[in-house]
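Participant:
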Amino acid sequence: MNLDGIISLLIACIELLYIINLLIFAEKNLINKLVIGIISLLFGYQFIEFLICFVGLQNQIFIYLAFLDISLLPPLGLYIVIKFSAKESQYTKLIFIPALFFIIYYPFVIDQFAVTKCTVLYASYHYPLGELYGIFYYLPIIFSMIILNKKWGAETDPLQKTLTRTFLFGYLFTFIPSMILAIAIPTFLTAVDSLLCKLAFIFASFLMIFVLKNKTITK
117 MNLDGIISLL IACIELLYII NLLIFAEKNL INKLVIGIIS LLFGYQFIEF
167 LICFVGLQNQ IFIYLAFLDI SLLPPLGLYI VIKFSAKESQ YTKLIFIPAL
217 FFIIYYPFVI DQFAVTKCTV LYASYHYPLG ELYGIFYYLP IIFSMIILNK
267 KWGAETDPLQ KTLTRTFLFG YLFTFIPSMI LAIAIPTFLT AVDSLLCKLA
317 FIFASFLMIF VLKNKTITK
């Protein structure tokens, strides 16, 4: 019995429940809407991976859609962190340029996309400019954690401090384990995109708590 991709479906279902819960119960301010957007992207990737591995839709277009989805996650996260920290400027939206580059570039080399392995837990892909993609993928994540850490240390309002800590811990409890796994298990690197999005379920859980508590940001 083929169970490849079944964990992706499980996580996608839970993240969909998060989204529905937040749409019903959370305050509809701008920050919350953007955070729900991140959880929606995480759901979208897991569902696409389920289609790729379980259903067998391994056409390059589905792989591209998966990468389009996850390419938006780090800059959107950084954009939210900047707005939440009240550090937005007229240049803030430029952080999306690297993601847009890959989104525009990859259709021209879509024939080079391939699924190299599918398992119950993860999928491995081959795609062009992998190292460059990785650099521009992780930089916004690192900057997000730095900004949140500074805000947490400087914040005096109890609620804002709690919100900042929740957001920061979401990043830390997602990406520190991934770094440990990358060092301890070499196989992790060959499927880093898929496994990282599995670990991002932790991030989505912290974000759900953040959104439910965040009732003070200007709408």
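Per my numbering, the very first residue in the sequence shown carries number 117; after that it's consecutive.
Just so you know, even glycine gets a beta-carbon here, dropped at the ideal spot from N, CA and C.
Need the endpoints of the alpha helix (DSSP H) that ALA95 sits in, please.
Facilitator: The requested residue 95 does not occur in the structure, where the chain is confined to residues 117 to 335.
Participant: May I ask which residues mark the beginning and end of the beta strand (DSSP E) holding LYS209?
Facilitator: No beta strand (DSSP E) contains LYS209, which DSSP labels as neither H nor E.
Participant: Under a Cβ-count criterion, where at least 16 other Cβ atoms within 10 Å of its own Cβ denotes burial, should LYS331 be classed as buried or exposed?
Facilitator: By the neighbour-count rule (16 or more Cβ atoms within 10 Å), LYS331 is not buried but exposed.
Participant: What would DSSP say about SER260, mapped onto helix, strand or coil?
Facilitator: SER260: helix per DSSP, three-state reduction.
Participant: Given that a residue counts as buried once 16 or more other Cβ atoms are within 10 Å of its Cβ, and exposed if not, what is ALA202?
Facilitator: Counting Cβ neighbours within 10 Å, ALA202 comes out exposed, since fewer than 16 surround it.
Participant: With distances taken between CB atoms, is the gap from LEU311 to TYR254 smaller than 8 Å?
Facilitator: Going by C-beta atoms, LEU311 is not nearer than 8 Å to TYR254.
Participant: Quick check on the DSSP output: the beta strand (DSSP E) that includes ALA342 runs from which residue to which?
Facilitator: Any property of residue 342 remains undetermined from this structure, which presents the chain solely from 117 to 335.
Participant: Do CYS313 and LEU158 count as a contact pair if the criterion is CB distance below 8 Å?
Facilitator: Against a cut-off of 8 Å, the Cβ pair of CYS313 and LEU158 comes out as a contact.
Participant: Is DSSP giving SER156 helix, strand or coil here?
Facilitator: Residue state, collapsed to three classes: helix.
Participant: Can you give me the start and stop residues for the alpha helix (DSSP H) that SER240 sits inside?
Facilitator: Run containing SER240: none in the alpha helix (DSSP H); it sits in the beta strand (DSSP E), 239-242.
Participant: Mapping DSSP to helix, strand and coil, what is LYS203?
Facilitator: Reduced to three states, the DSSP call for LYS203 is coil.
Participant: To the nearest angstrom, how far is it from the Cα of LYS209 to the Cα of PHE183?
Facilitator: Taking the straight line from one Cα to the other gives about 20 Å.
Participant: Flag this pair as yes or no: are the beta carbons of GLY250 and LEU192 separated by less than 8 Å?
Facilitator: Contact flag unset, no.
Participant: Return helix, strand or coil for ASN148, following the three-state DSSP convention.
Facilitator: Note: ASN148 maps to helix in three-state DSSP.
Participant: How would you call LEU146, buried or exposed, if buried means at least 16 neighbouring beta carbons within 10 angstroms?
Facilitator: The residue in question, LEU146, is exposed, as its Cβ has fewer than 16 Cβ neighbours within 10 Å.
Participant: Leaving out five residues before and five after THR232 in sequence, what residues of the same chain have Cβ atoms less than 7 Å from its Cβ?
Facilitator: Correct list, in chain order: SER240, TYR241, HIS242.
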